[in-house]
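Everything below concerns the one structure shown next.
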Ligand code: FES
Ligand SMILES: [Fe+2]
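Numbering (the working numbering), first residue to last: 43 to 391.
Structure representation (structure tokens):
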């Protein structure tokens, strides 16, 4: 599927855009550079000089200004050319193509559609990455072969947990038997999956301070903005009321943030973190949950990329639906409608 342009996407983790350095990255099939101005604010521009189209990622930063290292043109943080060596008059046409960016919750966000529509209030909430009552370690996966919607399909249908993640996230057949509650909103979907009296997931065994069966919850929002999935999930001893919202002190409480940004039509950036909301003074908990989640997400990558290869080989083959597809079908319907509206607006412009 194509990607929406008039929405915010995660372009990078904050630490990837180091002061004084230029980060080259392809987003929505556009080669970009990300860098910081003199005060540290993030900037984004097309990775091509308006003079002879040399890549600006091979340029250098001079304070907050960017010099193309082919013929030496210098651009200020608004993208205006402020120096042409050997020439006094500077044409206003010598201008970088720049994009609105914002830094929030340890993420750098970018808007690649109509800049006049880039309202920072539309950036989805990801405060779990930065809030004092959560601990999160940034993660990243590059999908070299998957359209972002193939990955989104996986995130909107957890019936795969007991199969793809048999020895990690676990869940067995129950993960497919739990009936998710799916609510539809203007911004996307909320999916709630509650498991009562079930075994603790294999990957949490080292973190739990209790034995026996658990009540397990996965309540998550998928937002069109940023293709961002934000999930409240965890496990507590069975019968203490966790499925009704109780969070006893021994509960293992997490919140993930997972954002998919198309790189090209066939490759995707996947930014993620699984924040823990317990044992805040024990950094090994955060390290361990990060390590275990990375293993589980590599399991997803393996099956999703293999699936994408088959889809690409059989582009006209129909897929056959089952009940578990309800979430992904609704997600695709929302996206499809917005893509169509965007195409119609572009055609009318
Ligand atoms: S191509 Fe950039 S200065 Fe000539
Ligand atoms: Fe998965």
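Where is the CB? At the ideal position from N, CA and C, for every residue including glycine.
**Message:** What does the alpha-carbon distance come out to for the pair residue 245 and residue 333?
**Reply:** By 1-based counting over the chain shown, the position of residue 245 is 203. By 1-based counting over the chain shown, the position of residue 333 is 291. Looking at the two C-alpha atoms, the distance is approximately 10 Å.
**Prompt:** Sorted by chain position, which residues of the same chain lie with C-beta nearer than 7 Å to residue 54's C-beta, five sequence neighbours on each side aside?
**Reply:** Reading the chain shown from its first residue, position 12 is the one you call residue 54. Closer than 7 Å at Cβ, skipping near neighbours: 65, 67, 76, 150.
**Asked** DSSP three-state call for residue 131: helix, strand or coil?
**Response** As a first step, residue 131 must be located in the chain shown, where it is residue number 89. It is coil, neither helix nor strand.
**Message:** Please classify residue 143 as buried or exposed, where buried requires at least 16 neighbouring CB atoms within 10 angstroms.
**Reply:** In the chain shown, residue 143 corresponds to position 101, counting from 1. Per the 10 Å Cβ criterion, buried.
**Request:** Would you mind sorting residue 361 into buried or exposed? The rule is 16 or more other CB atoms within 10 Å of its CB.
**Result:** What you label residue 361 is simply residue 319 of the chain shown in a count that begins at 1. Per the 10 Å Cβ criterion, exposed.
**Message:** Taking the alpha carbon of residue 166 as the reference point, which residue from 49, 391, 95, 384 has its own alpha carbon closest?
**Reply:** Numbered from 1 along the chain shown, position 124 holds the residue referred to as residue 166. Ranking 49, 391, 95, 384 by Cα distance to residue 166 puts 49 first.
**Item:** Option in 376, 352, 383 with minimal Cα separation from residue 194
**Value:** Position 152 of the chain shown, counted from the first residue, corresponds to residue 194. Looking at the Cα atoms, 376 is the closest of the given residues.
**Prompt:** With respect to 7 Å, is the separation between the Cβ of residue 184 and the closest non-hydrogen atom of ligand 2 below this value?
**Reply:** Looking up residue 184 in the chain shown gives position 142. Not so, every heavy atom of ligand 2 lies at least 7 Å from the Cβ.
**Request:** Keeping to the same chain, check which residues put their C-beta closer than 6 Å to that of residue 214; ignore five residues upstream and five downstream.
**Result:** Locating residue 214 in the chain shown gives position 172, where the first residue counts as 1. Hits under 6 Å: 204.
**Request:** Could you check if residue 139 is buried or exposed, using at least 16 other CB atoms within 10 Å of its CB as the buried criterion?
**Result:** Within the chain shown, numbered from 1, the residue matching residue 139 stands at position 97. Per the 10 Å Cβ criterion, exposed.
**Message:** Check this for me: beta carbons of residue 315 and residue 298, under 8 Å apart or not?
**Reply:** In the chain shown, residue 315 corresponds to position 273, counting from 1. In the chain shown, residue 298 corresponds to position 256, counting from 1. A contact, by the Cβ cut-off of 8 Å.
**Request:** Quick one: measure Cβ to Cβ for residue 259 and residue 275, integer angstroms, because I've assumed they're closer than 8 Å.
**Result:** As a first step, residue 259 is located in the chain shown; it is residue number 217 there, counting from the start. As a first step, residue 275 is located in the chain shown; it is residue number 233 there, counting from the start. With 8 Å as the limit, residue 259 and residue 275 qualify as a contact, their Cβ atoms being about 6 Å apart.
**Request:** Give a yes or no on whether the C-beta atoms belonging to residue 69 and residue 326 are separated by under 8 Å.
**Result:** By one-based count along the chain shown, residue 69 stands at place 27. By one-based count along the chain shown, residue 326 stands at place 284. It is not a contact, given that the beta carbons lie outside the stated cut-off.
**Item:** CA-to-CA distance, residue 388 to residue 160, given in whole angstroms
**Value:** Counted from its first residue, the chain shown places residue 160 at position 118. Counted from its first residue, the chain shown places residue 388 at position 346. Roughly 16 Å separates the two Cα atoms.
**Item:** Heavy atom of ligand 1 within 7 Å of residue 77 beta-carbon
**Value:** Against the chain shown, residue 77 aligns to sequence position 35. It does not: the Cβ of residue 77 is nowhere closer than 7 Å to a heavy atom of ligand 1.
**Item:** Own chain residues within Cβ distance below 6 Å of residue 199, not counting five before or after
**Value:** As a first step, residue 199 must be located in the chain shown, where it is residue number 157. Counting only Cβ-Cβ distances below 6 Å, and skipping sequence neighbours, we find 366, 369, 370.
**Asked** Considering only residues of the same chain and omitting the five flanking positions on each side of residue 116, which have a CB-CB separation below 6 Å?
**Response** As a position in the chain shown, residue 116 is number 74, starting the count at 1. Taken in chain order, the residues that qualify are 107, 109, 124, 125.
**Message:** Between residue 196 and ligand 2, is there a pair consisting of the residue's CB and a ligand heavy atom that are separated by less than 7 Å?
**Reply:** Against the chain shown, residue 196 aligns to sequence position 154. Within the cutoff, so yes.
**Item:** N-terminal and C-terminal residue of the alpha helix (DSSP H) that residue 339 is part of
**Value:** Counting from one through the chain shown, the residue named residue 339 turns up at place 297. Counting along the chain, the alpha helix (DSSP H) containing residue 339 begins and ends at 325-355.
**Request:** Compare the beta carbon distance of residue 358 and residue 184 with 8 Å and say whether it is the shorter of the two.
**Result:** Taking the chain shown and counting its residues from 1, one reaches residue 358 at position 316. Taking the chain shown and counting its residues from 1, one reaches residue 184 at position 142. Contact flag unset, no.
**Prompt:** In terms of DSSP beta bridges, what is residue 152 paired with?
**Reply:** Numbered from 1 along the chain shown, position 110 holds the residue referred to as residue 152. In DSSP, residue 152 forms a bridge with 51, 143.
**Euclidean distance between Cα positions of residue 118 and residue 352** = Sequence index remark: in the chain shown, residue 118 carries index 76 (1-based). Sequence index remark: in the chain shown, residue 352 carries index 310 (1-based). Going by the C-alpha atoms only, they are around 47 Å apart.
**Per-residue DSSP class, three states only, for residue 381** = The count along the chain shown starts at 1 and reaches residue 381 at position 339. In the structure shown, residue 381 sits in a helix (DSSP, three-state: H, G or I).
**Item:** DSSP bridge partner residues for residue 262 (one or two, in chain order)
**Value:** Reading the chain shown from its first residue, position 220 is the one you call residue 262. Paired residue(s): 233, 273.
**Asked** Which residue or residues does DSSP assign as beta-bridge partners of residue 122?
**Response** Numbered from its first residue, the chain shown carries residue 122 at position 80. Partner(s): 137.
**Message:** Could you tell me the alpha carbon to alpha carbon distance between residue 348 and residue 190, rounded to whole angstroms?
**Reply:** Taking the chain shown and counting its residues from 1, one reaches residue 348 at position 306. Taking the chain shown and counting its residues from 1, one reaches residue 190 at position 148. The alpha-carbon atoms of residue 348 and residue 190 are separated by roughly 14 Å.
**Asked** Measuring from the CB of residue 123, is there a heavy atom of ligand 1 at a distance below 7 Å?
**Response** Along the chain shown, one-based indexing puts residue 123 at 81. Residue 123: no, Cβ never under 7 Å from ligand 1.
**Request:** Look up residue 214 in the DSSP assignment and say whether it is helix, strand or coil.
**Result:** Counted from its first residue, the chain shown places residue 214 at position 172. Three-state result, residue 214: coil.
**Prompt:** Taking Cβ positions, are residue 222 and residue 234 nearer each other than 8 Å?
**Reply:** Mapped onto the chain shown, residue 222 falls at position 180. Mapped onto the chain shown, residue 234 falls at position 192. Yes. Within cutoff.
**Message:** Suppose you measure from the CA of residue 210 to the CA of residue 337; what does that come to, to the nearest Å?
**Reply:** Position 168 of the chain shown, counting from 1, holds the residue named residue 210. Position 295 of the chain shown, counting from 1, holds the residue named residue 337. Straight-line Cα distance between these residues: approximately 8 Å.
**Item:** Simplified DSSP assignment, three categories, for residue 320
**Value:** As a first step, residue 320 must be located in the chain shown, where it is residue number 278. Here residue 320 sits in coil by DSSP.
**Prompt:** If you check the beta carbons only, do residue 317 and residue 344 fall under 8 Å apart?
**Reply:** Position 275 of the chain shown, counting from 1, holds the residue named residue 317. Position 302 of the chain shown, counting from 1, holds the residue named residue 344. Not closer than 8 Å, so no.
**Message:** Spatial neighbours of residue 45 within its chain, please: C-beta separation below 7 Å, excluding the five flanking residues on both sides.
**Reply:** Within the chain shown, numbered from 1, the residue matching residue 45 stands at position 3. For residue 45, where only same-chain residues beyond five positions count, the Cβ hits under 7 Å are 70, 190, 304.
**Item:** Distance, residue 267 Cα to residue 164 Cα
**Value:** If you number the chain shown from 1, residue 164 lands on position 122. If you number the chain shown from 1, residue 267 lands on position 225. Going from the Cα of residue 164 to the Cα of residue 267 covers about 7 Å.
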